[in-house]
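Those sequence lines, one after another, are chains V and R.
111 is the number that the numbering used here gives to position 86 of the first sequence; each next residue is one higher, with no gaps.
29 is the number that the numbering used here gives to position 48 of the second sequence; each next residue is one higher, with no gaps.
One structure is given below, encoded as structure tokens.
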Amino acid sequence: MEQVSRSSRLAGQAGLALIVVALWEVLPRALDMSPLVLPPFSEVIVQFNRPLTGGGTLGHHTWVTVQQVGGAFGIAAVAGIAVGLPLGMIPRVRALALPLLTAAFAVPIMVLIPLFLVSFGLGMKSKVAFGALYAFFPVVFNVVAGAGNVEKIYFDVARAYGLSRSERIRKIILRGAARNTLNGLQMAVAISIIAVVSIEMFGALAGLGYLIHRAGQRMRIAEVYALILVTLLVAYLLLSAVRWLGRLFDVKLEISAG
Amino acid sequence: MTTSTPAALGPTARVRRLNWAKLSLALQVLAVLVAFLVLWEVLSRTEVIDPRIFSSPTLIWDMWWVLLDRGLIWPHLWETTRHLLWAFVLFTVVAGVLGVVLGMRQYTFEVFYSPIAIFFAFPKVTLYPIFLIAFGLGAQSKILFGALFGFFPLVMNTMVGVREVRRLHLDLMRSIGAGPLFKFFRLLLPATLPSFATGLRIGFVYAGIGILLAEMFAAVRGLGNRIIAAGYQGTLDQFWVYVVLSSLLLLAGAGFFRILELRLSRWRP
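Shown next as structure tokens:
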């Protein structure tokens, strides 16, 4: 198929965004929709000038969420690589770990939210711990898969050149696993955001999920939409940062890998 | 298989060896699971982990029978399963059609794929307050919320699957003068189905998570509702029964689609 240039793709995406915003502004009025379901876009934007139902400033709550996402991601990344590399390097262990990790993907970790709130409290600790557990799995899965993806010929070459064991690990296995690892880290960012905001909606003292929950309880739907836009922006910026990092290492985001 | 192998012996011998490898792997996986359960039990009995919070396999097993006796298992399991099946039908149709339409042209693929990927990575839970007000407390809001969760992985995988039909294969079809129907059944469908099945598997799991979350927020029945109620009442033995049950529900579905996925990609070299 023909290649699509970057500028024509961006133009298409800008057009798409414009159409969505225009419909969002016009349709609720034209169809006489209840403002409790879909208030017009301008009504949502106005909310940024009003005080928050949950109190505090938007900047403060956003910062709380970003910190928790960062903490969760950091723990998941370090633990996932530390556990994944030794597992992935031994072929027998790897063959055993992969089906177990594939199955673990189907376990709905979200249902453990009450457990984390009960044992770690309503503060930041429960969010970081829950996000770290959730994001740990994509990292460890991808590291294990990557460490074993190295083609045999590289090892043959290494043997021919008489590389030592530590050199083999450093120069071949780690390089081979880098691609998958970065892919896992990109998924981990997305999952950290999802996990942190989700648990914030069930019980928290601050953060974007907390604000959305409070506004929703009071039926302030325009405010909910405004906060969703902020969350979307935060998610987009964090993902772009990782994608940019991935581009440095020449890795493309493959979010549907599983 | 080499041509020197006797035809009568070759295939059966090959199949048997494959099964042995599979069986041994399955046994090892089972051993790991048993070891995990034993470790959990021992840690809990010796109170290294708090048995009031983390329970233990035997305590959960006992509680399962208690709950079964009280009729607190099947109605909730059925409630969640029923919603999940409806959500599954809904997102399969919508995401399947949309995935084919958007994936067929390189331009629409390029324009739509990354916005969809961003929405996939965006915490969709934040939309639940709106679903609740728009669609009420009943089944409707849960089914639609679950379908929303399942929609993204399926539409993305379908788009990728449709796009990856090989140029070479399309040229080959043209060179043999294949009609549109022949082309559809012999090339487009088999080429797209494996990726579609992957989308179904991931979508099913995500839809399940969506339904459970919706039930955790606002419901009077269903596994998610039981999980949140047991969690907040501090009856963690019950909590674990429902956690295990919802995990098994999603694992069973994922396992089914995994088999489908492997069958459909058998034609690949």
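We put the CB at the ideal spot given by N, CA and C, even for glycine.
C-beta atoms of residue i and residue j nearer than 9 Å
{"i": "valine 222 of chain R", "j": "methionine 44 of chain R", "result": "yes"}
{"i": "valine 108 of chain V", "j": "valine 165 of chain V", "result": "yes"}
{"i": "glycine 209 of chain V", "j": "proline 163 of chain V", "result": "yes"}
{"i": "leucine 20 of chain R", "j": "serine 223 of chain V", "result": "no"}
{"i": "serine 265 of chain V", "j": "alanine 97 of chain V", "result": "no"}
{"i": "tryptophan 55 of chain R", "j": "alanine 128 of chain R", "result": "no"}
{"i": "leucine 181 of chain R", "j": "leucine 125 of chain R", "result": "no"}
{"i": "glycine 234 of chain R", "j": "leucine 65 of chain R", "result": "yes"}
{"i": "glycine 171 of chain V", "j": "threonine 206 of chain V", "result": "yes"}
{"i": "alanine 104 of chain V", "j": "phenylalanine 161 of chain V", "result": "yes"}
{"i": "glycine 232 of chain V", "j": "threonine 90 of chain V", "result": "yes"}
{"i": "leucine 204 of chain R", "j": "serine 227 of chain R", "result": "yes"}
{"i": "valine 146 of chain R", "j": "alanine 172 of chain R", "result": "yes"}
{"i": "valine 221 of chain V", "j": "glycine 234 of chain V", "result": "yes"}
{"i": "methionine 197 of chain R", "j": "methionine 135 of chain V", "result": "yes"}
{"i": "arginine 54 of chain V", "j": "proline 65 of chain V", "result": "yes"}
{"i": "threonine 107 of chain R", "j": "leucine 252 of chain V", "result": "yes"}
{"i": "glutamate 209 of chain R", "j": "phenylalanine 130 of chain R", "result": "Correcting the residue type first, residue 209 of chain R is isoleucine in the shown sequence and not glutamate. Cβ distance not < 9 Å, so isoleucine 209 of chain R and phenylalanine 130 of chain R don't count as in contact."}
{"i": "alanine 131 of chain V", "j": "leucine 231 of chain R", "result": "yes"}
{"i": "leucine 158 of chain V", "j": "alanine 101 of chain V", "result": "yes"}
{"i": "leucine 121 of chain V", "j": "glutamine 219 of chain R", "result": "no"}
{"i": "arginine 51 of chain R", "j": "phenylalanine 90 of chain R", "result": "no"}
{"i": "alanine 247 of chain V", "j": "valine 45 of chain V", "result": "no"}
{"i": "glutamine 38 of chain V", "j": "proline 96 of chain R", "result": "yes"}
{"i": "valine 7 of chain V", "j": "proline 111 of chain V", "result": "The question about residue 7 of chain V has no answer, for chain V in this structure spans 26 to 283."}
{"i": "leucine 263 of chain V", "j": "valine 94 of chain V", "result": "yes"}
{"i": "leucine 135 of chain R", "j": "glycine 184 of chain R", "result": "yes"}
Contact list for residue i against chain V, beta-carbon separation under 8 Å
{"i": "glutamate 108 of chain R", "result": "Residue identity differs from the one stated: residue 108 of chain R is leucine in this sequence, not glutamate. Chain V residues near leucine 108 of chain R: Ile253."}
{"i": "glycine 205 of chain R", "result": "Val136"}
{"i": "alanine 235 of chain R", "result": "Ala128, Phe130 and Ala131"}
{"i": "leucine 194 of chain R", "result": "Met135 and Ser223"}
Neighbouring residues, chain V, relative to residue i (Cβ below 9 Å)
{"i": "valine 47 of chain R", "result": "Here the premise fails: no neighbours, minimum Cβ distance about 20 Å."}
{"i": "isoleucine 190 of chain R", "result": "Pro133, Ile134, Met135 and Val136"}
{"i": "valine 201 of chain R", "result": "Ordered by position in chain V, no residue passes the 9 Å Cβ test against valine 201 of chain R, which lies about 17 Å from the chain."}
Chain-ordered neighbours of residue i on chain R, where CB pairs are closer than 7 Å
{"i": "alanine 128 of chain V", "result": "Leu232"}
{"i": "serine 144 of chain V", "result": "Ile34"}
{"i": "glycine 241 of chain V", "result": "Pro110"}
{"i": "tyrosine 261 of chain V", "result": "Ile99"}
{"i": "methionine 244 of chain V", "result": "Ile114"}
{"i": "alanine 120 of chain V", "result": "Leu6"}
Proximal chain R residues relative to residue i, where beta-carbon distance stays under 8 Å
{"i": "glutamine 38 of chain V", "result": "Val92, Ser95 and Pro96"}
{"i": "threonine 256 of chain V", "result": "Phe103, Pro104 and Thr107"}
{"i": "leucine 83 of chain V", "result": "Within chain R, no residue comes near leucine 83 of chain V; the closest Cβ sits about 15 Å away, beyond 8 Å."}
{"i": "isoleucine 237 of chain V", "result": "Thr107 and Pro110"}
{"i": "valine 249 of chain V", "result": "Thr107, Pro110 and Ile111"}
Partners in chain R for residue i, counting only beta-carbon separations shorter than 9 Å
{"i": "leucine 272 of chain V", "result": "Checking the sequence shown, residue 272 of chain V turns out to be arginine, not leucine. Per Cβ cutoff of 9 Å: no residues; arginine 272 of chain V is ~13 Å from chain R at best."}
{"i": "leucine 125 of chain V", "result": "Val10, Val13 and Leu14"}
Residue i at chain B interface by Cβ criterion, 9 Å
{"i": "arginine 239 of chain R", "result": "Any reference to chain B falls outside this structure, whose protein chains are V and R."}
**Message:** Quick check on the DSSP output: what are the complete alpha helix (DSSP H) runs of length 4 or more inside the segment 180 to 206 of chain V, in order along the chain?
**Reply:** Scanning the segment 180 to 206 of chain V for uninterrupted alpha helix (DSSP H) segments of 4 residues or longer gives 190 to 193, listed from N- to C-terminal end.
**Interfacial residues, the segment 152 to 177 of chain R to chain V, with Cβ spacing under 8 Å** = So the list is empty, because no residue satisfies the distance condition.
**Item:** Continuous alpha helix (DSSP H) assignments of at least 4 residues falling wholly in the segment 189 to 215 of chain R
**Value:** The segment 189 to 215 of chain R contains, as complete alpha helix (DSSP H) runs of 4+ residues, the segments 204 to 214 (chain order).
**Item:** Interface positions of the segment 118 to 135 of chain R facing chain V (Cβ-Cβ less than 7 Å), listed along the chain
**Value:** Those would be Pro134, in chain order.
**Request:** Would you mind listing the alpha helix (DSSP H) stretches within the segment 225 to 261 of chain V that are 4+ residues and don't spill past its ends, in chain order?
**Result:** Runs of the alpha helix (DSSP H) inside the segment 225 to 261 of chain V: 233 to 242.
**Asked** What residues from the segment -2 to 19 of chain R come within 7 Å of chain V, judged by C-beta to C-beta, listed N to C?
**Response** Listed by position, the residues of the segment -2 to 19 of chain R near chain V (Cβ gap below 7 Å) are Leu6, Gln9, Val10 and Val13.
**Request:** Using a Cβ-Cβ cut-off of less than 8 Å, give me the residues of the segment 208 to 230 of chain R that come near chain V, in sequence order.
**Result:** The residues in question are Ile208, Ile209, Ala211, Gly212, Tyr213, Gly215, Leu217, Phe220, Tyr223, Val224, Ser227 and Ser228.
**Asked** Along the segment 69 to 83 of chain R, what residues have a CB closer than 7 Å to any CB found in chain V?
**Response** Here the close residues number zero.
**Request:** Would you list, in chain order, the members of the segment 74 to 105 of chain V that have their beta-carbon closer than 8 Å to a beta-carbon of chain R?
**Result:** Within the segment 74 to 105 of chain V, no residue qualifies.
**Request:** Name, going along the chain, the residues of the segment 205 to 223 of chain V whose beta-carbon falls closer than 7 Å to a beta-carbon of chain R.
**Result:** If the cut-off is 7 Å between Cβ atoms, the segment 205 to 223 of chain V has Ala215, Ile218, Ile219, Val222 and Ser223 near chain R.
**Residues within the segment 53 to 74 of chain V neighbouring chain R, beta-carbon criterion of under 9 Å** = Those residues of the segment 53 to 74 of chain V that come within reach of chain R (Cβ to Cβ, closer than 9 Å) are Ser59, Leu61, Val62 and Leu63.
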